[in-house]
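Trainee: In terms of mature numbering (1 follows the signal peptide of the UniProt record, and there is no 0), the sequence shown is residues -26 to -1, 1 to 232.
Cβ coordinates follow ideal geometry from the N, Cα and C atoms, glycine included.
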Amino acid sequence: MLSRSIPCLWITFCLHLCCHVDSGEAQNAKEVVLLDSKAQQTELEWISYPPNGVCQVMEPNQNNWLRTNWIEKGNAQRIFVELKFTLRDCNSLPGVVGTCKETFNLYYQETDSEVGRSLRENQYVKIDTIAADESFTQGDLGERKMKLNTEVRIIGPLSRRGFYLAFQDVGACIALVSVKVYYKKCWSIIENLATFPDTVTGSEFSSLVEVEGMCVSDAEEEADNSPKMHCSAEGEWLVPIGKCICKAGFHQKGDACE
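(1) Identify every run of the beta strand (DSSP E) within the stretch 150 to 221, keeping only runs that are complete inside it and at least 3 residues long; order them along the chain.
(2) Mind checking which residues open and close the beta strand (DSSP E) that includes Val144?
(3) Are Ser87 and Gly130 touching if we call contact CB-CB under 7 Å?
(4) To which residues of the same chain is Asn107 closer than 8 Å at the C-beta, ignoring the five residues directly before and after it?
(5) Expressed to the nearest angstrom, what Euclidean distance is found between the alpha-carbon atoms of Phe137 and Thr169?
(6) Who are the Cβ neighbours of Cys(-13) in its own chain at under 6 Å, not counting the five residues just before and after it?
(7) Can you grab the Cα-Cα spacing for the pair Thr73 / Trp161, in whole Å?
(8) If the criterion is Cβ atoms closer than 7 Å, does the pair Arg41 and Ala105 meet it?
(9) Within its chain, find whatever has a CB closer than 7 Å to the CB of Val200; leave out the 5 residues flanking it on each side and keep chain order.
(10) If contact is defined by three or more beta carbon pairs under 8 Å, each pair taking one atom from either stretch, is the stretch 41 to 54 in contact with the stretch 3 to 13?
(11) Note down the Cα distance separating Glu165 from Lys202, rounded to an integer number of angstroms.
(12) Which one or two residues does DSSP pair with Lys227 in a beta bridge?
(13) Does DSSP put Lys12 in a helix, in a strand, or in coil?
(14) From the beta carbon of Thr73, is the nearest beta carbon of chain C less than 7 Å away?
(15) Going by other Cβ atoms of all chains shown within 10 Å of its Cβ, with 16 needed for buried, is Cys231 buried or exposed?
(16) Hey, Glu46 and Leu61: beta-carbon distance below 7 Å or not?
(17) In three-state DSSP terms, what is Asn96?
(18) On the premise that Leu18 lies in contact with Ser84, defined as a C-beta separation below 8 Å, what is that separation, rounded to the nearest angstrom?
(19) Less than 7 Å separating the beta-carbons of Asp10 and Lys100?
(20) Out of Lys58, Ile128 and Lys121, state which residue places its alpha-carbon closest to the alpha-carbon of Asp102.
(21) Would you please state the rounded distance, in angstroms, between the beta carbons of Val144 and Phe78? I believe it to be under 8 Å.
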């Protein structure tokens, strides 16, 4: 007989209590990670409401929440949220038509400091409804198949010192395997004998942040042609303008003047 309260790992992360999933992917050099639940060595201690929430797919009007700790964003204005999760196919659960869901909602709240452990739903802004490309069935469980979904959403522009993420379950049986939060930056480089510092990307997808370069030692700006580059939203340096040249008595060797 099917239990009216089907337990799942909505409130507790599969990462810590069930199985460690490691994709083996190298971290993108353009990313600055603010949170990676896979890298946590201790319990996350995130807030859940109600405290003992489970996936009650046979009960209507479910409203279960999970909230992260406060995430300080530094200079970032545009934040990426990568979610890896599994989700149960409602059609594989008899007797739950109309109450079982196959989506969950992602929210955020901007603040300048931590706000304690209370969770006020009306203070959160909805980012998106998240759906799975693949869902698992009872047969998949028997064969120990994990159909892992990956979704990325973008928050921004942000203006406060930090933010919280919150996940709302409205009747799905879902396991959040990992959550990664990051922003992108253009890392420092030397181009045309000019150094360009680490630069955080802009607040919009089409943003190009103009950065002035500084000539390397024993170099000077070419007349009326100061060095500039543009940092794209994807963390790539684009559109080099101007350059530095070696001072009299010096010659260029690689990225330096000798």
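Mentor: Put simply:
(1) Counting only runs of 3 or more residues that sit fully inside the stretch 150 to 221, the beta strand (DSSP E) segments are 163 to 165, 168 to 170, 182 to 186, 193 to 195, 202 to 206, 211 to 215 and 218 to 220, in chain order.
(2) For Val144, there is no enclosing beta strand (DSSP E), as DSSP marks it with neither H nor E.
(3) It is not a contact, given that the beta carbons lie outside the stated cut-off.
(4) According to the sequence provided, residue 107 is Asp. The question's Asn does not apply to it. Around Asp107: Asn123.
(5) Separation of Phe137 and Thr169 (C-alpha to C-alpha, rounded to the nearest whole angstrom) is 33 Å.
(6) Annotation note: pLDDT 40 at Cys(-13) (below 50); position unreliable, no value reported.
(7) Rounded to the nearest angstrom, the two C-alpha atoms are 48 Å apart.
(8) No.
(9) The question names Val, but residue 200 in the sequence shown is Ser. Excluding sequence neighbours, Ser200 sits near Glu186 and Gly216.
(10) The way I'd put it, the stretch 3 to 13 does touch the stretch 41 to 54; three or more beta-carbon pairs between them come closer than 8 Å.
(11) Counting only the Cα atoms, Lys202 lies some 9 Å from Glu165.
(12) Looking at the DSSP assignment, Lys227 forms a beta bridge with Ala230.
(13) The answer is helix: DSSP assigns Lys12 an H, G or I state.
(14) No chain C appears in the structure shown, which is made up of a single protein chain.
(15) Cys231 should be labelled buried.
(16) At a Cβ-Cβ threshold of 7 Å, Glu46 and Leu61 do not count as neighbours.
(17) In this structure, Asn96 counts as helix in the three-state DSSP scheme.
(18) Before going on, a small fix: residue 84 reads as Glu here, not Ser. Incorrect: roughly 21 Å between the Cβ atoms, too far for contact.
(19) When the beta-carbon positions are compared, Asp10 and Lys100 stay at least 7 Å from each other.
(20) Here the closest residue by C-alpha is Ile128.
(21) Cβ atoms of Val144 and Phe78 come within 8 Å of each other, at about 7 Å.
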